[in-house]
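Its first residue numbered 1, the sequence shown is counted upward by one per residue in full-length UniProt numbering.
Every residue, glycine too, gets a C-beta built ideally from N, C-alpha and C.
A short worksheet on the structure shown next.
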Amino acid sequence: MDKQEKQTMANTTASQPNTAQPHGAQPNTPAQQAAPLHAAPFTPPQAGRAQSYLHDPADMPAPSRTSKSHQAYQALIEQAKHLPGAVSMGIVWPCEQHALEGALEAAKHSIVAPVLIGPRTLITDVAQRYGLALGATPIIDTPTPQEAAAHAVALVKAGRVQALMKGSLHTDVLMHAVVSPESGLRTARRISHVFLLAVPLYDDLIFVTDAAINIAPDLSVKRDIVQNAIDLHHGLGLGTPRVALLSAVETITPKIPGTVDAAALCKMADRGQIEGGVLDGPLAMDNAVSATAAQIKGITSPVAGRAQILVVPDLEAGNMLAKNMIFLAGAEAAGVVLGASVPILLTSRADSVQARLASLAVGALYARYLPPKVLPKASRPLKRRAM
């Protein structure tokens, strides 16, 4: 910088008013008062309450009611309403509003005939508090969640209920009773979970499995996970599904075990070890659901770009994927446990009444499909794995 430039800068600085303020002093010009440099001051959260920057699903904008996936989701509920007679369903420990309200709403539409299993006093208190009419709904008085779960399993074994739904007890309490060798609910199939999701930007209902039961499934368990989901797709009258076996990449990479499992599952389908679906994998998430992404990557497949069942490599991936769709994409959800002699509904405490109603509809429809299917009973007790 030459001498003339330095002098020009000095003159410019000297001609500008000094706007610096001592710490804590108030602005001394109207312009300063009108144009704050920062956003509004931070207001600390109310004492004793956690703050979330995500909206509750119930407060989110409603998904598009014209999307094909939403129409398919609603069609399942309508289909269940027209079943020949309500499906008898054990509601295990319905001791909070949403669990009880969902079951009673489904009963109102003749989707299920609920049998409430839990402490009579607490159930009636919840009903009175929220203005829910129990009417003649049977209540089997059981004092603890463990006893309620055991009694629910006994009702299935005796043929008195055709499906089970988790209320407000912990999932592991109910599933411990279900997978017990003495329960009589185990079959030759591995038990697995399927999320059914109506995503506003996708035409088909999406099944995500397994996002709730099997933590790190091996190849034989994945085979059952895939077959369970395919059977559900048929049982709901949705036809032959397109099944994408997900991984991080769409090429077989020995360092990524999920890609090797995906390729093996496809060959198992070729050999008739998996039936009723069209499989492809490994596929990355983008080319499983986006035809554009599949085309750019040069993937030609009847599944790529329009998958209906997404099979994840492990529970963590599946759980994050499903909840991503629900909380960030506004998906409507339902969920069901398969592989036992009856469908089991594992609803979340965060589920809306509509989501519970959809899960009950899925359970009722699949309970009607199971009897002619006749899954073979396990010939020996199966070891229980961590869930």
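Span of the alpha helix (DSSP H) around residue i
{"i": "Val-353", "result": "353 to 373"}
{"i": "Gly-330", "result": "That residue, Gly-330, is in no alpha helix (DSSP H); it is neither H nor E in DSSP."}
{"i": "Asp-314", "result": "Note, Asp-314: premise wrong, no alpha helix (DSSP H); not H, not E."}
{"i": "Leu-76", "result": "68 to 81"}
{"i": "Leu-185", "result": "Premise fails: Leu-185 is in no alpha helix (DSSP H) and is neither H nor E."}
{"i": "His-98", "result": "97 to 108"}
{"i": "Ala-288", "result": "285 to 289"}
Beta-bridge pairing of residue i - partner residues as DSSP gives them
{"i": "Thr-171", "result": "BP columns for Thr-171 are empty, so no partner."}
{"i": "Gly-335", "result": "Phe-195"}
{"i": "Asp-280", "result": "Ala-244"}
Unbroken beta strand (DSSP E) run spanning residue i, endpoints
{"i": "Ala-113", "result": "112 to 118"}
{"i": "Val-311", "result": "309 to 311"}
{"i": "Ser-88", "result": "87 to 92"}
{"i": "Val-342", "result": "No beta strand (DSSP E) holds Val-342; DSSP gives it neither H nor E."}
Cut-off 6 Å between Cβ atoms - residues of its own chain near residue i, not counting five sequence neighbours on either side
{"i": "Trp-93", "result": "Gly-118, Pro-145, Ala-148, Gly-167, Ser-168, Leu-169"}
{"i": "Gly-272", "result": "none"}
{"i": "Tyr-369", "result": "Gly-235"}
{"i": "Val-221", "result": "Arg-190, Asn-214"}
Cβ shell of residue i (< 7 Å), same chain only, five flanking positions each side left out
{"i": "Val-260", "result": "Ile-252, Pro-254"}
{"i": "Ala-304", "result": "Asp-280, Leu-283, Asn-287, Ala-288, Ala-294"}
{"i": "Ser-359", "result": "Ala-334, Gly-335, Val-336, Leu-345, Thr-347"}
{"i": "Ala-234", "result": "The amino acid at residue 234 is misidentified as Ala; the sequence shows His. For His-234, where only same-chain residues beyond five positions count, the Cβ hits under 7 Å are Gly-276."}
{"i": "Ala-80", "result": "Ile-111, Ala-361, Ala-364, Leu-365"}
{"i": "Pro-381", "result": "The predicted position of Pro-381 is uncertain, since its pLDDT is 39 and thus under 50; a value taken from the coordinates is nonetheless stated next. Excluding positions up to five away in sequence, the list reads Pro-181."}
{"i": "Met-60", "result": "Low confidence applies here, because Met-60 scores a pLDDT of 45, under 50, leaving its location unreliable and the question unanswered by this model."}
{"i": "Leu-76", "result": "Leu-236, Ala-358, Ala-361, Val-362, Leu-365"}
Interface flag, residue i vs chain D, CB-CB below 8 Å
{"i": "Ala-149", "result": "The structure shown has no chain D; it contains just one protein chain."}
Cβ neighbours of residue i in the same chain (closer than 8 Å, five flanking residues each side left out)
{"i": "Pro-302", "result": "Arg-242, Val-278, Asp-280"}
Counting only runs that start and end within the region 194 to 276, where is the alpha helix (DSSP H) found for 4 or more residues in a row? Uninterrupted alpha helix (DSSP H) stretches at least 4 residues long and entirely within the region 194 to 276 occur at 219 to 235, 257 to 270, given in chain order.
Could you say if the region 347 to 355 and the region 97 to 113 meet the contact criterion of at least three C-beta pairs nearer than 8 Å? With the rule of 3 Cβ pairs closer than 8 Å, the region 347 to 355 counts as touching the region 97 to 113.
Beta strand (DSSP E) runs contained entirely in the region 133 to 170, provided each spans 3 or more residues: List check, beta strand (DSSP E) in window: 139 to 141, 163 to 166.
Segment contact, 8 Å Cβ cut-off, at least three pairs: the region 124 to 142 with the region 330 to 347: With a cut-off of 8 Å, the region 330 to 347 and the region 124 to 142 do not count as touching, because too few Cβ pairs lie within range.
Any contact of the region 175 to 186 with the region 110 to 129, i.e. 3+ C-beta pairs under 8 Å? Fewer than three pairs of CB atoms, one per stretch, sit closer than 8 Å, so the region 175 to 186 makes no contact with the region 110 to 129.
Is the region 81 to 90 touching the region 157 to 167 in the sense that three or more CB pairs, one from each, lie closer than 8 Å? Counting C-beta pairs with one atom in each stretch, the region 157 to 167 and the region 81 to 90 have three or more that are closer than 8 Å, which means they touch.
Would the region 211 to 221 and the region 304 to 314 be scored as touching if the rule is three or more Cβ pairs under 8 Å? As far as the Cβ criterion goes, the region 211 to 221 touches the region 304 to 314, which means the pair count is three or higher.
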